[in-house]
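Okay, so here's the structure we're looking at.
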Amino acid sequence: MRVAFDFAKLTRIRACVPTRPLSTTPSRHTFGFFNSLVNPPSRNNDMNKRAAPAGSSAASPPKKRKTDNVQKFYAVQAGFRPGVYMTYAECSAQTAGFKGAVFKSFTSRSDAEAFAAGKKVAASSDEPERFYAVAVGNPTGIYTDWNEAALAIKGVKGPKYKRFGSRGEAVAYIRQFGSREAIEALGETWTTSLAAVPASSKPVAASLKKTMAKTTTPKAEPGVVRPAEDVLQIYTDGSSLANGKAGSRAGVGVYFGDGDPRNVSERLRGDPQTNQRAELMAMLRALEIAPLEKTVQIISDSQYSINCVTQWAIGWKQKGWKTATGENVKNQDIIRAVLDKMDERTKADANTYFHWVKGHASDRGNVAADRLAVRGAKMS
């Protein structure tokens, strides 16, 4: 049996639906059915009613904010090219994959410029500051904007995140639930590490602090984007066949580009023939070859090597190159040589950046550097 509906009548019927709650009766179901025909529910509207979660194990869509129609200014304090950007996509391009990236969105351009310049900016009085800790996500980190945090957990299997009222609580959450890589990727870069150094110890690290200040934070006026051609990108990698075992053979790979005569593929000199030493040596060789007055970006898949020369070296130098347990720092001969090269470049008014990439993935430059390193390990 077919029933023909007169939508004009349905509209009139819908207008008569009471706005006060009704008891569950057949007539109410009928009105509800007619109402759904005339005005089908919007999935997007339903999603926008959800509040930003305080903690969850599954990703949910970003909360629609009252400021959606307000122009935002994205300030990058520590990234590939610090400055103020008009879109999150531009901001993300400067921070995604940058070790210890520091960035934040503002509704005031002056506040954004101040933050990008490293100045402290007070939180808006009508909007308390929030910190979203993403312990399991892509990428992990601490965000001050829910929409940005939501992008970090979107599509991630088993994401883990939570909202806090202070950065300290967010850091503690990632330390508790994040992987070692997530913990090391926190915003606790050399700037935070130095802030925690006792006053009596600061003179010891003064020269290293100066070097780090120029080698980890690009020189740029707020709002000014430095052209990409200013930076020489170099991929480095190390390889060790039978790593950690007797008879291991390590190789060094440095990739400037296809067919570039500066590319390096060689055996690691000296002992031990470990992967970590090869990774560090590749960085050193890259800095030795690159013109001293040229700003360079070392791209490596070794988080260990990057941390050695951008974070841990400060504490090691204060302790006379000893670990917290009093042991000699491993590979310090190469680490200190890398720091010397970084310092030389700083004095030449150029910078040294470091960028981590996932190893053995789809990054063409990283794959090329890996091949050079493996070939070097096979040399006599």
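1 is the number of the first residue of the sequence shown in UniProt numbering; add one for each residue after it.
Note that the Cβ used here is the ideal one computed from N, Cα and C, for glycine as well.
* Asked: Pick from G244, L241, Y255 and K245: whose alpha carbon is nearest that of Q233?
  -> Within the sequence shown, numbered from 1, the residue matching residue 233 stands at position 233. Of the listed residues, the one whose Cα sits closest to Q233 is Y255.
* Asked: Which residues share a DSSP beta bridge with K104?
  -> Position 104 of the sequence shown, counted from the start, is the residue given in the question as residue 104. Answer is A75.
* Identify every residue that forms a DSSP beta bridge with E266. => By one-based count along the sequence shown, residue 266 stands at place 266. E266 pairs with V252.
* By Cβ distance, which residues of its chain are closer than 7 Å to A278, with the 5 residues on each side in sequence left out? -> Taking the first residue of the sequence shown as 1, we reach residue 278 at position 278. Spatial neighbours of A278 in its own chain (CB-CB distance under 7 Å, excluding positions within 5 residues in sequence) are listed in chain order as G238, S239, S240, A250, G251, V252, L268 and A373.
* A150 by DSSP, collapsed to three states: which one? -> For the purposes of this step, residue 150 is taken as residue 150 along the sequence shown, with counting starting at 1. In the structure shown, A150 sits in a helix (DSSP, three-state: H, G or I).
* To do: Could you check how far apart the C-beta atoms of K154 and A135 are, in whole angstroms? I think they sit under 8 Å.
  => Here residue 154 refers to the residue found at position 154 when the sequence shown is read from its first residue. Here residue 135 refers to the residue found at position 135 when the sequence shown is read from its first residue. The pair is not a contact, with the Cβ atoms about 15 Å apart (cut-off 8 Å).
* 4 or more residues per run - each alpha helix (DSSP H) lying fully within the UniProt domain "RNase H type-1" (228-378) -> As far as the UniProt domain "RNase H type-1" (228-378) is concerned, its whole alpha helix (DSSP H) runs of at least 4 residues are 275-289, 303-307, 313-318, 332-347 and 364-377.
* Asked: According to the neighbour-count rule (16 or more other Cβ atoms, all chains shown, within 10 Å of its Cβ), is S92 buried or exposed?
  -> Position 92 of the sequence shown, counted from the first residue, corresponds to residue 92. With 16 or more other CB atoms across the displayed protein chains lying within 10 angstroms of its CB, S92 is buried.
* Could you pull the start and end residues of the alpha helix (DSSP H) that V171 belongs to? => Numbered from its first residue, the sequence shown carries residue 171 at position 171. Residues R167 to F177.
* Evaluate E148 with the Cβ neighbour count: other Cβ atoms within 10 Å of its Cβ, from every protein chain shown; 16 or more gives buried, anything less gives exposed. => For the purposes of this step, residue 148 is identified with residue 148 of the sequence shown, where counting begins at 1. E148 counts as buried, since no fewer than 16 other beta carbons sit within 10 angstroms of its beta carbon.
* Asked: Going straight from the alpha carbon of R109 to that of A116, what length do you get?
  -> In the sequence shown, the residue the question calls residue 109 occupies position 109. In the sequence shown, the residue the question calls residue 116 occupies position 116. Roughly 10 Å between the two C-alpha positions.
* Asked: What is the rounded straight-line gap between the Cα of T323 and the Cα of G315?
  -> Taking the sequence shown and counting its residues from 1, the one referred to as residue 323 is at position 323. Taking the sequence shown and counting its residues from 1, the one referred to as residue 315 is at position 315. About 8 Å.
* Asked: Which term fits Q71, buried or exposed, when burial requires 16 or more other beta carbons within 10 angstroms of its beta carbon?
  -> On the sequence shown, residue 71 is found 71 positions in, with the first residue counted as 1. Classification of Q71: exposed, given that the 10 Å Cβ count is below 16.
* Residues of its chain near V338, where Cβ-Cβ distance is below 6 Å and the 5 sequence neighbours each way are ignored -> Mapped onto the sequence shown, residue 338 falls at position 338. Cβ neighbours of V338 beyond the five flanking positions: M283, L284 and V309.
* Contacts around M281, its chain only, beta-carbon distance under 8 Å, and the 5 residues preceding and following it disregarded -> Stepping through the sequence shown from its first residue, residue 281 is reached at position 281. Spatial neighbours of M281 in its own chain (CB-CB distance under 8 Å, excluding positions within 5 residues in sequence) are listed in chain order as G238, V252, L268, R269 and I334.
* So what does A133 bridge to, in DSSP terms? -> By 1-based counting over the sequence shown, the position of residue 133 is 133. Bridge pairing for A133: I142 and K162 [DSSP].
* To do: Pull up the distance between the alpha-carbon of D145 and that of E129, whole angstroms please.
  => Sequence index remark: in the sequence shown, residue 145 carries index 145 (1-based). Sequence index remark: in the sequence shown, residue 129 carries index 129 (1-based). Rounded to the nearest angstrom, the two C-alpha atoms are 9 Å apart.
* Use the C-beta contact count for G257: other C-beta atoms within 10 angstroms, 16 or more gives buried, fewer gives exposed. => The residue labelled residue 257 in the question sits at position 257 within the sequence shown. Result: exposed.
* To do: Quick one: using the 10 Å Cβ neighbour count with 16 as the cut-off for buried, is T236 buried or exposed?
  => As a first step, residue 236 is located in the sequence shown; it is residue number 236 there, counting from the start. Label assigned to T236: buried.
* Might you give, ordered along the chain, the residues of its own chain that have their beta carbon closer than 6 Å to the beta carbon of Y353, omitting 5 neighbours on each side? => Stepping through the sequence shown from its first residue, residue 353 is reached at position 353. Counting only Cβ-Cβ distances below 6 Å, and skipping sequence neighbours, we find Q297.
* Asked: Considering only residues of the same chain and omitting the five flanking positions on each side of Y304, which have a CB-CB separation below 8 Å?
  -> Your numbering for residue 304 matches position 304 in the sequence shown. Spatial neighbours of Y304 in its own chain (CB-CB distance under 8 Å, excluding positions within 5 residues in sequence) are listed in chain order as Q276 and E279.
* Asked: Roughly how many angstroms separate the alpha carbons of D349 and G118, rounded to a whole number?
  -> Taking the first residue of the sequence shown as 1, we reach residue 349 at position 349. Taking the first residue of the sequence shown as 1, we reach residue 118 at position 118. In this structure, the CA atom of D349 is about 20 Å from the CA atom of G118.
* **Rounded separation between R138 and L151 - CA only** => Residue numbering aside, residue 138 sits at position 138 when the sequence shown is read from its first letter. Residue numbering aside, residue 151 sits at position 151 when the sequence shown is read from its first letter. Per the sequence shown, the amino acid found at residue 138 is Asn instead of Arg. Cα to Cα, the separation comes out at about 8 Å.
* Do you know offhand how far F80's Cα is from E90's? -> In the sequence shown, the residue the question calls residue 80 occupies position 80. In the sequence shown, the residue the question calls residue 90 occupies position 90. Between F80 and E90, the C-alpha separation is close to 11 Å.
* Reduced DSSP secondary structure (H/G/I, E/B, other) of F98 -> Position 98 of the sequence shown, counting from 1, holds the residue named residue 98. Residue state, collapsed to three classes: strand.
* Inspect the beta-carbon positions of H355 and F103 and report whether they are closer than 9 Å. => Along the sequence shown, read from residue 1 onward, the residue named residue 355 stands at position 355. Along the sequence shown, read from residue 1 onward, the residue named residue 103 stands at position 103. Contact flag unset, no.
* Asked: So E288 packs on K341, CB below 8 Å; how close in whole Å?
  -> Here the question's residue 288 lines up with position 288 in the sequence shown. Here the question's residue 341 lines up with position 341 in the sequence shown. Going by Cβ atoms, the distance from E288 to K341 rounds to 7 Å, so yes, they are a contact pair.
* Might you give, ordered along the chain, the residues of its own chain that have their beta carbon closer than 7 Å to the beta carbon of A101, omitting 5 neighbours on each side? => Residue 101 sits at position 101 when you count from the first residue of the sequence shown. If we look at A101 and ignore the five residues flanking it on each side, its Cβ neighbours are A78, G79 and T95.
* Asked: Nearest-angstrom Cα distance between I174 and E293?
  -> For the purposes of this step, residue 174 is taken as the residue at position 174 of the sequence shown. For the purposes of this step, residue 293 is taken as the residue at position 293 of the sequence shown. Cα-Cα distance, rounded: 39 Å.
* Is the CB-CB distance between I142 and V171 below 9 Å? -> For the purposes of this step, residue 142 is identified with residue 142 of the sequence shown, where counting begins at 1. For the purposes of this step, residue 171 is identified with residue 171 of the sequence shown, where counting begins at 1. In contact: I142 and V171 (Cβ atoms closer than 9 Å).
* Would you kindly report the start and end of the unbroken alpha helix (DSSP H) that includes R109? => To locate residue 109, count along the sequence shown from 1; it is residue 109. Its alpha helix (DSSP H) spans residues R109 to A116.
* To do: Check the DSSP bridge columns for G83 and list the partner residues they point to.
  => In the sequence shown, the residue the question calls residue 83 occupies position 83. DSSP output for G83 lists V76 as bridge partner(s).
* Asked: Apart from the five residues just before and just after G247, which ones in its own chain have a Cβ nearer than 6 Å to its Cβ?
  -> If you number the sequence shown from 1, residue 247 lands on position 247. Once the five neighbours on either side are set aside, G247 has no close Cβ partner at all.
* **Buried versus exposed call for T295 [16 or more other C-beta atoms within 10 Å across all chains shown]** => Working through the sequence shown from its first residue, we reach residue 295 at position 295. With 16 or more other Cβ atoms within 10 Å, it is buried.
* Let me know the secondary structure DSSP gives A185 once reduced to three states. => Locating residue 185 in the sequence shown gives position 185, where the first residue counts as 1. Here DSSP, grouped into helix, strand and coil, assigns A185 to coil.
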